[in-house]
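Reading through the structure tokens given below for one structure.
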């Protein structure tokens with residue numbers, strides 16, 4: 100955790116996508132505690148579109164819908180931000196937000212992870228279905 104010259108603490112911002120927020124229900128991993136172990140004090144963020152995606156997924160039945168309901172509930176622990184652009188896929192909104200705001204992203208989506216790493220954005224991923232790890236971009 101870094102401090103600026105006025106002594107204010109700078110927390111790392113971590114942007115969570117939908118499957119990151121579904122991880123606790125799917126794998127029993129407390130993502131908030133695990134991220135804190137990796138980066139120290141942090142501010143969890145998500146986008147309004149991610150919250151909408153979770154809400155939509157949660158209306159169904161089965162394990163995915165159940166995990167989405169948990170994810171939607173967990174999104175309340177995040178600062179919810181508006182996307183910097185509209186009319187593009189949610190993954191592209193996440194990339195754009197992370198790039199413009201200099202934050203890390205937690206995702207288990209391989210395609211999104213690869214896009215972020217190409218742009219030198221750090222990504223937090225689930226390893227062995229039980230722990231989180233940072234892949235440096």
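In the numbering used here, the protein residues as written are 100 to 236.
A virtual CB, placed ideally from N, CA and C, is assigned to each residue, including glycine.
#1: Measure how close the beta-carbons of residue 236 and residue 215 come, nearest whole angstrom, since I'm counting them as under 8 Å.
#2: Excluding the 5 residues flanking residue 129 on each side, which residues of the same chain have their C-beta closer than 7 Å to its C-beta?
#3: What did DSSP end up calling residue 233 once you bin it into helix, strand or coil?
#4: Under three-state DSSP, which class holds residue 143?
#5: Which residue marks the beginning of the alpha helix (DSSP H) containing residue 134, and which one marks its end?
This is what the structure gives:
#1: 6 Å
#2: 123
#3: Here residue 233 sits in strand by DSSP.
#4: strand
#5: 130 to 138
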